[in-house]
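Comments concern the structure below.
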Amino acid sequence: MKHSRMNNTNLKRSSILFSITIFFTFLFLLTGCGNNEPLNKTDSENKKDSTIQEVVYTCPMHPEVRSANKDDKCPKCGMNLVEMKDGSMKNSKPKLHSDKYSLKLTSLPQDPKAGDEVTLNFYLTNNETKQQVKELDVVHEKILHLIIVSKNLAYFDHLHPEMNSDGSLSVKTKFEKGGKYILFADLTPKGENSNQVFDIPLVVEGNPVEEISMAPRNSFETDGYTASMTTDLTESVINKSTEIVVDIKKNGQDVTNLKNYLGALGHMVIISEDASLYLHVHPMEQETGEEKEHDHSGSGEMKMDSDKMTKSGPSVAFHTEFPEAGIYKVFAQFNPGGKLITTNFVIKVK
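Count along the sequence shown from 1, add 1291, and you get the number used in our numbering.
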């Protein structure tokens, strides 16, 4: 009997050991099969992996241009791309400015009224040093490009505040209508790789700007000039290089006397319908008499006539990338024969 009990005990022990062996073998296969990395990583290793995934490169002049490849060049100006510290290809909306900076607006009078002159004052602060920033790079001949639009995008203005002795920047203007406005202040602190854009709300007392249609529109007339816009928006173009070409005529004849305005043949500002997205675009390089074709990585191809793609008009081409689908208002400024004209269009991006 004693011998039989011992045999039973040994059998039970063997059965338990066998079960344990099978369990750990299965666990090893489940967690380790096909995985050459260690099961547990240190915090520094995990942080390193996260950093690798987050690296995005952007153009110092055109922050809406983004790429995961550091060797790419900006399709608009040809500049080398630089690392965007706060960026991620997973984020569809580009960040307008770094958390390193903040911009404060004051107005005189404090409560501006429609029809009255108002002085707008801007104070740029480095949040890391807590010091006011008084040195800015000159970009397209100005240290600050101030784009003012009404909340409904019916009103547009492009101003250039000047630096004061105390480091603030100011400009005088007049709002003909009241209501809600958004001020996009576009500047580049000295030593920074990219410009910083701040969107600041402003309320003006008085009757508001009238609502306008935001239905897609590709032509505009002003002072005898007709501007027509063509694009390669034939399919989804989200985060793909897109070409926008504006053709300008005067009394039905091609305009061939375009001159630079602020160092470029044109300036284009693109704002989403809800005014949450802002793109400031300048013309792509154009060479007189040279026919150009542009492949836009799946967004289509446009081929311009060689006698139209010149440094003096009548066609001016821009490149940009739309971060998301929706309705966008396009404001474009040109300088034919020394006369500044401002045109606008409406684009629907799929």
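Built from N, CA and C at the ideal position, the CB exists for glycine as well.
### Task
Could you tell me which of 1627, 1564, 1528, 1478 sits nearest to residue 1614, measuring between CA atoms?
Taking the first residue of the sequence shown as position 1, residue 1614 is located at position 323. Measuring from the Cα of residue 1614, the nearest candidate turns out to be 1528.
### Query
Should residue 1532 be labelled buried (16 or more other beta-carbon atoms within 10 Å of its own) or exposed?
As a position in the sequence shown, residue 1532 is number 241, starting the count at 1. Label assigned to residue 1532: buried.
### Task
Give the straight-line distance between the Cα atoms of residue 1638 and residue 1462, rounded to the nearest whole angstrom.
One-based indexing of the sequence shown puts residue 1638 at position 347. One-based indexing of the sequence shown puts residue 1462 at position 171. Approximately 31 Å between the Cα atoms of the pair.
### Message
So the candidates are 1501, 1420, 1611, 1411; which of them puts its Cα closest to the Cα of residue 1658?
### Response
Residue numbering for the chain in the displayed model covers 1292 to 1641; residue 1658 lies beyond these limits and cannot be assessed.
### Message
Closest to residue 1606 by C-alpha separation, out of 1628, 1561, 1553, 1521, would be which residue?
### Response
In the sequence shown, the residue the question calls residue 1606 occupies position 315. Considering only alpha carbons, the answer is 1521.
### Query
Do residue 1553 and residue 1481 have their CB atoms nearer than 8 Å?
Taking the sequence shown and counting its residues from 1, the one referred to as residue 1553 is at position 262. Taking the sequence shown and counting its residues from 1, the one referred to as residue 1481 is at position 190. Their beta carbons are not under 8 Å apart, which means residue 1553 does not touch residue 1481 by this criterion.
### Task
Give me the Cβ distance between residue 1402 and residue 1465, rounded to the nearest whole Å; I'm assuming they're in contact under 8 Å.
Numbered from its first residue, the sequence shown carries residue 1402 at position 111. Numbered from its first residue, the sequence shown carries residue 1465 at position 174. Actually they are not in contact, since the Cβ atoms of residue 1402 and residue 1465 sit about 15 Å apart, beyond 8 Å.
### Query
In three-state DSSP terms, what is residue 1537?
As a position in the sequence shown, residue 1537 is number 246, starting the count at 1. Reduced to three states, the DSSP call for residue 1537 is strand.
### Task
Use the C-beta contact count for residue 1487: other C-beta atoms within 10 angstroms, 16 or more gives buried, fewer gives exposed.
The sequence position of residue 1487 within the sequence shown is 196, counting from 1. Classification for residue 1487: buried.
### Query
Hey, which unbroken runs of the beta strand (DSSP E) at 3 residues or more fall wholly within the region 1386-1456?
1392-1399, 1408-1417, 1435-1441, 1447-1450
#### Entry: Other residues of its chain near residue 1399: CB distance less than 8 Å, five sequence neighbours each side excluded
Counting from 1 along the sequence shown, the entry for residue 1399 is found at position 108. Only 1409, 1410, 1412 meet the Cβ criterion.
#### Entry: residue 1617 beta carbon less than 8 Å from that of residue 1534
Taking the first residue of the sequence shown as position 1, residue 1534 is located at position 243. Taking the first residue of the sequence shown as position 1, residue 1617 is located at position 326. No, Cβ-Cβ distance for residue 1534 and residue 1617 is not below 8 Å.
### Task
On the DSSP bridge assignment, give the partners of residue 1462 in chain order.
Stepping through the sequence shown from its first residue, residue 1462 is reached at position 171. In the DSSP output, where bridge partners are listed per residue, residue 1462 has 1411.
### Task
Give me the Cα-Cα distance between residue 1570 and residue 1356, rounded to the nearest whole angstrom.
Translated into positions along the sequence shown, residue 1570 becomes position 279. Translated into positions along the sequence shown, residue 1356 becomes position 65. If you take the alpha carbons of residue 1570 and residue 1356, they lie about 10 Å apart.
### Task
Name the two residues that bound the continuous beta strand (DSSP E) containing residue 1561.
Translated into positions along the sequence shown, residue 1561 becomes position 270. Taken as a continuous stretch (DSSP letters only), the beta strand (DSSP E) holding residue 1561 covers 1558-1563.
### Task
Give me whichever residues DSSP pairs with residue 1346 in a beta bridge.
Within the sequence shown, residue 1346 is the residue found at index 55, counting from 1. In the DSSP output, where bridge partners are listed per residue, residue 1346 has none listed.
### Query
Which term fits residue 1567, buried or exposed, when burial requires 16 or more other beta carbons within 10 angstroms of its beta carbon?
As a position in the sequence shown, residue 1567 is number 276, starting the count at 1. Residue 1567 should be labelled exposed.
### Query
Looking only at DSSP bridge pairs, what is residue 1471 linked to?
Stepping through the sequence shown from its first residue, residue 1471 is reached at position 180. Looking at the DSSP assignment, residue 1471 forms a beta bridge with 1494.
### Task
Could you check if residue 1432 is buried or exposed, using at least 16 other CB atoms within 10 Å of its CB as the buried criterion?
Position 141 of the sequence shown, counting from 1, holds the residue named residue 1432. Answer is exposed; the Cβ neighbour count stays below 16.
### Task
Could you name the residues of the same chain whose beta carbon sits closer than 6 Å to that of residue 1632, not counting the 5 residues immediately before and after it, in chain order?
On the sequence shown, position 341 is the one that residue 1632 refers to. Cβ neighbours of residue 1632 beyond the five flanking positions: 1513, 1516, 1625.
### Query
Given that a residue counts as buried once 16 or more other Cβ atoms are within 10 Å of its Cβ, and exposed if not, what is residue 1429?
The sequence position of residue 1429 within the sequence shown is 138, counting from 1. Exposed: under 16 other Cβ atoms inside 10 Å.
#### Entry: Alpha-carbon to alpha-carbon, residue 1364 and residue 1474
The sequence position of residue 1474 within the sequence shown is 183, counting from 1. The sequence position of residue 1364 within the sequence shown is 73, counting from 1. So the alpha carbons of these two residues sit roughly 30 Å apart.
#### Entry: Neighbourhood of residue 1329 by C-beta distance below 6 Å, restricted to the same chain and skipping five residues each side
Mapped onto the sequence shown, residue 1329 falls at position 38. Here residue 1329 scores only 47 on pLDDT, less than 50, and its place in the model should not be relied on; the value that follows carries that caveat. Counting only Cβ-Cβ distances below 6 Å, and skipping sequence neighbours, we find nothing.
### Task
Please say whether residue 1511 and residue 1636 have beta carbons closer to each other than 8 Å?
The count along the sequence shown starts at 1 and reaches residue 1636 at position 345. The count along the sequence shown starts at 1 and reaches residue 1511 at position 220. The answer is yes: Cβ separation under 8 Å.
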